[in-house]
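Quick note, the sequences are listed as chains A and B, same order.
Per this note's numbering: the first sequence = residues -19 to 301.
Per this note's numbering: the second sequence = residues 1215 to 1635.
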Amino acid sequence: MSRVLSAVLAAVAALLLLAITAALFGHSPLALLSILVRSSVGSRFALEGTLLKSVPLLLTGLSVVIAFRAGVWNIGGEGQFIVGALAALVASRFGAIASLLAAMLAGAAWASIASAMRLWRNAPEVLTTILLNFTAIHLLGWSVNGPLREHAAQYPQTDLAAATLPPLASGVHSGVLLALAASVAVWWMLYRTMEGLRLRATGFNPFAARWAGIRVGSQLARAMAISGAVAGLAGGIELLGVTHRLFERFAAGYGYSGIAVALLAQLHPLATIASAFFFGALVTGAGELQRTADISAGVATFGQAVVILMLIVMDHVRTAR
Amino acid sequence: MIQLAHVTRTYGATRAVDDVSLRIERGEIVALVGENGAGKTTLMRVAAGEIAADAGTVAAGGRVELVHQHFMLVNQLTIAENLALPHPGFRFTTRRGIEREAEQTIAASGIELRDVARRVAELSVGERSKLELIKAIARKPATLILDEPTSVLTPTETEELFRVMRRLADAGTAVVFISHKLPEVLAIAQRIVVMRNGRVVAESRAAEANVVSLANTMTQSPFPPSGGKGVERRRGGEILAIVGVAGNGQAELAAKLRDEQPNAAHIPEDRTRDGIIAELTIAENLALRNERWNPRDAARHAERTIALYSIRASGPLQRAGDLSGGNQQKVILARELERRPKTIVAAEPTRGLDIEATRFVHEQLRAEAANGASILLITSDLDEAFALADAIQVIYRGRLSERLSPAEASEKIGRLMAGVA
């Protein structure tokens, strides 16, 4: 079975399971699916909503693609997203470009803390990146209640960022183009540069990579930094394009959702575009379900979980032949 | 007893096994010989039920056990624990309990392996292969298949293995023995089956076969009965062989040289773990040491390399992991040698390779030496050391002996390797 087919089947299976679950709880599965579709891609307004949700998912997905391809388990997208946004806010008075560059640098630096611990003390990055997520969440909480709190001091949130991303069409900011360009750039890096070949080689077989003269440690550190930079960029774009200010629940799980996005895309940077759009639609549709059909928006998370489980099953079917 | 009828198995565009029928009787020892990539291992994996055939049938009268060329042991566990692993179902036991069981299993197998509380990681390669064999015999197979069992064994260990094989056959087990070493094959097998390009091309009784005719059927090209140093030495370039029984520090030496001399060519001992990146294509594997990566140029370059090294592959975009061992080794060799390195460290460069591939590797090393490269050949194959080396050093428990000329070495080598000199 081809990888594409198993990804598509996993996505379809997730929707089916969603419908079946809805039926078990007395909702009409067809009505539910039709609300999902209508409210995510059914109108211009719905489509814009889906696109807005897809942008951070695409970038955090790409971040995971880079890391997983290199064989480093960067689960820290959430934290890198947050510190990226914090840096973007602070640097926003120098303009949007400087702000996004600051976001990437901050994301890379945050991720590099994990690689430093891995290289010097052999601390597994799965743990350190998750712990750094909590650190980042509290850093954000402290910032919006303390040094970065709005001047009005009314809510635990920051003032508006000094820069914004110029809008493309009504309701959609130009970050969409940046995210698409990032997909192509990541594809080019992975498949058309020596850096990408070495990165993939290290991910597949670090032992053989080492014998082939690749400096595995610094290769992993670079992959982690690039991965963190992309997650940081996601945070910066979300700030300048959508929320314009920071508050405690700013990240909203985008960092973690990136893992599902990347896995559904079978770790391919261009397939990540479709995968991010699918999850973006699911999140947007789930919001509408909550408003009109009284179904918790948690179904979006449910959908992500089912997709990952289905992919594991498919993978097993594919390799067990 | 086992009977294969019209078995076919393909990998991508390659027909690894092509319409093969084979029957092995109770109590028979059959040798399966052929070049790398001839389809021997694939055929036997089908026989053991590890992989499915695309077409054809397998009928086995009882259990079939395949002992792999590569070890399938858990390094972190002890001998006893490894032997206890296949136990089905749930039970309570103690460390002492499984150790006693292991001792009984080992005694019943007739193979000598002491101290079952040792971890596999501490065992020598020879001991590990004994453990694999014990594990297989313990399951009382009706058919036992051994894939290249002697490539890591010393001559004494090989004889011990042959005694075990004969005893199993006498007790009614059908034994299949995959090998490249034709003298061994003639010594142990009753019947010899030759494979080439996925097909059985010849079958004969061992009593009627000889090395030269077998080699000729295996390779198609005429095989010179005796070797000799082909290449005239012109400049510098010396081949120094480090010989010793496996596990005396060879792996550590090679790893140290890899880290200290990154610009030298390194051919690692464990080619599936350290040499090849299975998931990448041939073109990608060849390009790993390059400065730049361009898929189109790399594919063109790989095409030339495939032709030059006569690598059996469907093309530059084939996954390197789908190649046979010998062809993988050629890919590694091509990658390491095409930079014209001044120093080459080759560890067991012909382990598990067939005659043709071995000859090819030897020719490449000699040619590099003739071009002025200095070569360190780490090998446990004494024939290889004497065939290639200008000087020999013996490694024993991590220490190197003095430098010996081949003539000096031929007298002292046995004692030096055993650590009694």
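Where is the CB? At the ideal position from N, CA and C, for every residue including glycine.
In the displayed model, B/Gly1540 falls within a helix according to three-state DSSP.
Residues are counted here when their Cβ sits less than 7 Å from a Cβ of chain B; for the stretch 30 to 53 of chain A the count is zero. For B/Met1215, the secondary structure class from DSSP, reduced to helix, strand or coil, is coil. Cβ contact annotation for B/Gly1275 (same chain, cutoff 6 Å, sequence separation greater than five): Met1215, Ala1356, in chain order. Under the Cβ criterion of 9 Å, B/His1480 is counted among the residues facing chain A. The Cβ atoms of B/Val1260 and B/Ala1267 sit closer than 9 Å to each other. A/Arg180 reaches chain B at Ile1491, Glu1493, Leu1494, Glu1498, counting residues in chain order whose Cβ is nearer than 9 Å. A/Pro147: member of the beta strand (DSSP E) spanning 147 to 149, first to last residue.
The stretch 1215 to 1229 of chain B makes contact with the stretch 1517 to 1536 of chain B; the number of CB pairs closer than 8 Å reaches 3 or more.
For A/Thr173, the residues of chain B that pass the 9 Å Cβ criterion are Arg1506, Trp1507, in the order they occur in the chain. Distance from the CA of B/Ser1418 to the CA of B/Gly1539, rounded to the nearest whole angstrom, comes to 26 Å. Nearest CB-CB separation between A/Asn185 and chain B: below the 9 Å threshold. For B/Tyr1610, the secondary structure class from DSSP, reduced to helix, strand or coil, is strand.
The residue from A/Thr281, A/Val286, A/Leu291, A/Val263 with its alpha-carbon nearest to that of A/Leu27 is A/Val263.
Between the alpha carbons of A/Gly278 and A/Pro147 lies a gap of roughly 30 Å. Under the 9 Å criterion on CB atoms, A/Leu250 is classed as non-interfacial with respect to chain B. When the five nearest sequence neighbours on each side are left out, the beta carbons in the same chain lying within less than 8 Å of the beta carbon of B/Glu1483 are those of Gln1464, Ala1465, Ala1468, Ala1561, Glu1562, Arg1565, Ile1592, in order along the chain.
With respect to the C-alpha of B/Glu1452, the residue from B/Pro1363, B/Glu1577, B/Ala1605 having the closest C-alpha is B/Ala1605.
Residue nearest to B/Ala1294 within the set B/Leu1454, B/Met1432, B/Val1334 is B/Val1334 (criterion: CA-CA distance). Burial state of A/Ala(-9) is buried, judged by a 10 Å Cβ sphere holding 16 or more other Cβ atoms. Comparing C-alpha distances from B/Val1415 to each of B/Ile1481, B/Arg1506, B/Leu1280, B/Val1247 shows the shortest one belongs to B/Val1247. Boundaries of the alpha helix (DSSP H) harbouring A/Met174: 174 to 184, taken from the DSSP string.
Contact note: B/Ala1501 reaches chain A through Met174, Leu177, using a C-beta cutoff of 9 Å and chain order.
Under the three-pair Cβ rule at 8 Å, the stretch -9 to 2 of chain A does not count as touching the stretch 221 to 232 of chain A. Of the other Cβ atoms in all chains shown, fewer than 16 fall within 10 Å of the Cβ of A/Arg101; this residue is therefore exposed. Inclusion of A/Leu69 and A/Ala141 in the CB contact set at 9 Å is warranted, their separation being smaller than that value. For B/Glu1417, the beta-bridge partners assigned by DSSP are B/Val1407. A/Ala50 is a Cβ neighbour of A/Ser207, given a cutoff of 9 Å. Residue range 1557 to 1561 is occupied by the beta strand (DSSP E) that includes B/Ala1561. For a cut-off of 8 Å, the C-beta gap from B/Thr1370 to B/Thr1364 is around 11 Å, too long to register as a contact.
Setting aside the 5 residues that flank it on each side, B/Arg1353 is surrounded in the same chain by Arg1277, Glu1279, Pro1300, each with a C-beta closer than 8 Å to its C-beta; the list follows chain order. It is roughly 33 Å from the alpha-carbon of B/Gln1542 to the alpha-carbon of B/Leu1618. Around the C-beta of A/Tyr135, fewer than 16 other C-beta atoms lie within 10 Å, and the residue is accordingly described as exposed.
DSSP places A/Val(-8) inside the alpha helix (DSSP H), whose first and last residues are -17 to 4. Per DSSP, reduced to three states, the secondary structure at A/Thr115 is helical.
Against chain A, the beta carbon of B/Pro1476 has neighbours under 7 Å at Gly193, listed in chain order.
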